[in-house]
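Residue numbers (the working numbering): 57 to 435. Taking it in order: structure first as C-alpha cells, then the write-up.
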C-alpha cells in the first residue's frame with residue numbers, strides 16, 4: 057500500500073481513477089458528469105425529498121460507495137480513527153458554502169476536471185477561480201488559520217455516517233422507503249446501480265490511500281511549491297481526455313456544453329468559493345466523504361453541510377441553471393445563477409473571509425524573565 061504514497065503510485069492511482077470514471081460515463085451517467093461529489097450529493101438530497109427539483113433526484117450509489125470504500129480500506133490497513141470536536145458548526149457552514157459555490161458553477165472540482173477533459177472552456181475559465189480560492193485559503197493558513205484539533209472518540213462514532221448512508225441505500229433499493237427519482241434531466245441518467253456501487257467503492261479506497269484532494273493539491277502548490285498531489289488529478293484528466301476524443305464527446309467550446317453555462321464571472325466566483333472553503337475545511341467535497349469514511353465526525357458534519365446546502369440551493373433558487381439552445385417551443389436559456397443565487401454566493405464569500413479572519417490563531421510570545429545578576433554585589 058505504500059506504493060500509492062510515491063509519485064509513480066499517485067500517477068497510477070489517477071489513471072485507474074480515470075478509467076473507472078470513464079466506465080461510469082460509458083455506462084450511463086450524465087455527460088461530463090461521470091462522477092461529481094457535489095452534484096451527486098445534490099441528487100441524493102433530492103431523492104430524500106429535501107428539495108423538490110424534479111430533474112435532479114436520484115439516490116446515487118456512488119456517494120455510498122465512496123464513503124464505504126474509504127471505510128473498508130481504512131479498517132483493512134488499520135488507518136481507521138474515530139475523531140471529532142474541531143469547530144463542528146463552522147465546518148457545517150463551510151460544507152454549506154462549498155455546495156452553494158459548486159451549484160452556481162454546476163460541479164465540484166472533480167467535475168471541473170472532467171468538464172475540462174471534454175473541451176468545456178467554461179470549466180477552464182472556472183479553474184481560475186478555484187486556483188485563486190485555494191490561494192486565498194493558503195494565505196490564511198500561512199497567517200495561522202486553524203479550526204482546532206480533533207480528539208479521539210469511541211470507535212463507533214466515526215462510523216455513523218457510513219452506517220446511515222448504507223442503511224438508507226438498502227432501504228431505497230429494496231423499496232422499503234419511497235425515495236424520489238427523476239424521470240427526466242440529469243437525475244434520470246445513471247449507470248446500473250450495482251456497477252456504480254462497486255466502481256465507487258474502488259474509487260473510495262483509492263482516494264483514501266492516495267489522500268486525493270483537489271483543494272489540497274493546489275494548496276500544497278501555493279504553500280510549499282509541491283505539485284505532487286496534482287499528479288493523480290492529471291491522471292484523471294488524461295484518461296478522460298482520451299475517452300472523450302475516442303467517443304466523439306470532445307468539443308472545444310463554451311457553447312453547447314452539457315449541464316453548463318457561460319456566465320463566466322459566476323463560474324469563477326462559484327469555484328473561488330469552493331476552493332477557499334475547501335482549504336479552510338481541510339478538503340474538497342470528495343475528500344470530506346473520504347475522511348468521513350475513515351472515521352472523522354468533523355468531515356461527516358461537513359458532509360451534512362453539503363447536503364443541506366444542496367437543499368437550500370434548489371429550494372430557494374440559488375443554483376445555477378444550465379444553458380439551453382432555443383427549440384420550436386422554448387426560447388434559448390443563457391443559464392447561470394439568478395439574482396438570488398448571485399447574492400447568496402457573494403454573501404457566502406464574505407462569510408468565508410469572516411471565518412478565516414476570526415480563526416487565525418496568534419502565536420503566543422515567549423516571555424523570558426530577566427534574573428538579576430547578583431554576582432557583583434555578592435563579591
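The C-beta atom is built at its ideal place from N, Cα and C for all residues, glycine as well.
With a threshold of 16 other CB atoms inside 10 Å of the CB of residue i, please say whether the residue is buried or exposed.
| i | result |
| --- | --- |
| residue 159 | buried |
| residue 295 | buried |
| residue 176 | buried |
| residue 358 | buried |
| residue 206 | buried |
| residue 149 | buried |
| residue 265 | buried |
| residue 39 | Since the first and last residues shown for the chain are 57 and 435, residue 39 lies out of range. |
| residue 280 | exposed |
| residue 248 | exposed |
| residue 231 | exposed |
| residue 372 | exposed |
| residue 219 | exposed |
| residue 384 | exposed |
| residue 99 | buried |
Would you tell me roughly how many angstroms separate the C-alpha atoms of residue i and residue j, rounded to the nearest one?
| i | j | result |
| --- | --- | --- |
| residue 404 | residue 410 | 10 Å |
| residue 125 | residue 387 | 44 Å |
| residue 396 | residue 366 | 15 Å |
| residue 309 | residue 167 | 17 Å |
| residue 191 | residue 274 | 8 Å |
| residue 378 | residue 58 | 42 Å |
| residue 174 | residue 344 | 26 Å |
| residue 120 | residue 151 | 18 Å |
| residue 141 | residue 336 | 16 Å |
| residue 300 | residue 82 | 10 Å |
| residue 314 | residue 243 | 14 Å |
| residue 320 | residue 272 | 24 Å |
| residue 163 | residue 95 | 6 Å |
| residue 72 | residue 183 | 23 Å |
| residue 239 | residue 418 | 54 Å |
| residue 89 | residue 356 | 24 Å |
| residue 307 | residue 80 | 20 Å |
| residue 143 | residue 133 | 28 Å |
| residue 84 | residue 252 | 10 Å |
| residue 210 | residue 127 | 16 Å |
| residue 208 | residue 305 | 47 Å |
| residue 47 | residue 413 | Here the chain comprises residues numbered 57 to 435, so residue 47 is not present and cannot be evaluated. |
| residue 376 | residue 111 | 14 Å |
| residue 107 | residue 131 | 34 Å |
From this set, the options, which residue's C-alpha is nearest residue i's C-alpha?
| i | options | result |
| --- | --- | --- |
| residue 165 | 352, 340, 241 and 365 | 340 |
| residue 93 | 141, 117, 304 and 110 | 117 |
| residue 64 | 286, 254, 280 and 319 | 286 |
| residue 139 | 278, 217, 234 and 100 | 217 |
| residue 21 | 282, 330 and 123 | Residue 21 lies beyond the residue range present for the chain, which begins at 57 and ends at 435; the question has no answer from this structure. |
| residue 324 | 392, 282 and 241 | 392 |
| residue 109 | 406, 369, 383 and 385 | 369 |
| residue 78 | 259, 209 and 107 | 259 |
| residue 38 | 84, 406, 115 and 107 | Since the displayed the chain opens at 57 and closes at 435, residue 38 lies outside it and no answer follows. |
| residue 406 | 189, 107, 376 and 342 | 189 |
Quick check: residue i and residue j, are their CB atoms within less than 7 Å of each other?
| i | j | result |
| --- | --- | --- |
| residue 261 | residue 129 | yes |
| residue 263 | residue 346 | yes |
| residue 363 | residue 97 | yes |
| residue 398 | residue 136 | no |
| residue 255 | residue 408 | no |
| residue 353 | residue 213 | yes |
| residue 74 | residue 257 | no |
| residue 18 | residue 348 | Because the chain spans 57 through 435 in this model, residue 18 falls outside it and cannot be assessed. |
| residue 161 | residue 326 | yes |
| residue 270 | residue 277 | no |
| residue 185 | residue 61 | no |
| residue 316 | residue 178 | yes |
Whose C-beta lies closer than 6 Å to the C-beta of residue i among residues of the same chain, with five residues either side of it excluded?
| i | result |
| --- | --- |
| residue 416 | 199, 200 and 201 |
| residue 297 | 173 |
| residue 381 | 388 |
| residue 288 | 66, 69, 70, 266 and 268 |
| residue 86 | 242 and 245 |
| residue 361 | 148, 151 and 152 |
| residue 193 | 332, 335 and 336 |
| residue 322 | 160, 392 and 393 |
For residue i, which residues in the same chain have their Cβ closer than 8 Å to its Cβ, ignoring the five residues on either side in sequence?
| i | result |
| --- | --- |
| residue 146 | 203, 411 and 415 |
| residue 227 | 233 |
| residue 187 | 274 and 331 |
| residue 180 | 172 |
| residue 342 | 93, 122, 164, 165, 166, 263, 268, 269 and 270 |
Looking only at its own chain, which residues have a Cβ that is under 7 Å from the Cβ of residue i, when we skip the five neighbours before and after it?
| i | result |
| --- | --- |
| residue 236 | 102, 103, 105 and 113 |
| residue 400 | 156 and 374 |
| residue 437 | Residue 437 is absent from the structure shown; the chain starts at 57 and stops at 435. |
| residue 229 | 249 |
| residue 290 | 70 |
Let me check you understand the geometry: is the CB of residue i closer than 6 Å to at least one non-hydrogen atom of the ligand ATP?
| i | result |
| --- | --- |
| residue 388 | Questions concerning the ligand ATP fall outside what the structure shown contains, since it holds no ligand whatsoever. |
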